[in-house]
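The structure appears below as structure tokens.
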Amino acid sequence: MIIPGARNTVYSAGYMGSLGVIHYKAEEFRRNFKYGWKQFREDALKDAAKHLEKISPVLIKNPENMIEYVLIQSQNPLTPSTIILPQFHEKFRDLLGPELLVILPNRSTILVFSESENNLNLYKKTFINMYTDSIYPVSREIFRINDSGIRAIGDYGAK
6 MIIPGARNTV YSAGYMGSLG VIHYKAEEFR RNFKYGWKQF REDALKDAAK
56 HLEKISPVLI KNPENMIEYV LIQSQNPLTP STIILPQFHE KFRDLLGPEL
106 LVILPNRSTI LVFSESENNL NLYKKTFINM YTDSIYPVSR EIFRINDSGI
156 RAIGDYGAK
């Protein structure tokens with residue numbers, strides 16, 4: 006499935022195998038989800054919502070004691086999928102404002118910034134390193150999340 010505005014990021018159906026996430030083959034997907042993508046998406050969103058409730062974000066503050074960004078780290082591979090939930094926006098809207106900028110450099114990390122305090126350029130090299138050094142990179146794109154949903158708005162790795 007494509008994320009609006011995304012050039013390099015998609016999400017796909019998978020499940021946890023003994024060695025990590027395994028993407029469904031077409032025939033396997035059809036066998037397991039008789040009602041197709043809609044059924045899979047509903048089940049996946051329920052699982053992601055349960056995981057989001059367990060996430061313990063860390064507030065990173067600047068010298069003025071203002072929240073610079075929110076750091077989420079988890080070994081659970083469901084972590085990146087939580088950003089498509091309406092509850093994700095609700096969870097961070099009061100802290101950071103209605104427009105969130107989200108970075109997913111790897112499967113274990115989400116960074117959430119306020120769009121009104123857009124200071125992503127300060128961290129660009131860090132984002133690139135987190136992405137390139139990862140065993141499980143996710144995306145170099147920057148996602149805006151607001152009341153309308155999610156949209157990719159740029160690539161922090163672009164030159």
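Be aware that the sequence shown starts at 6, since it is given in my numbering, and climbs by one per residue.
C-beta: ideal position from N, C-alpha, C; glycine also.
Burial check for residue 68: the Cβ neighbour count within 10 Å stays below 16, so the residue is exposed. A distance below 8 Å between beta-carbons, with the five flanking residues on each side excluded, links residue 21 to the following residues of its chain, in chain order: 27, 82.
When secondary structure is reduced to three states using DSSP, residue 136 falls in the helix class.
A buried status is given to residue 101, since no fewer than 16 other beta-carbon atoms sit within 10 Å of its beta-carbon. The stretch 10–21 and the stretch 54–73 do not touch, with fewer than three beta-carbon pairs separated by less than 8 Å. Taken through DSSP and simplified to helix, strand or coil, residue 124 comes out as coil.
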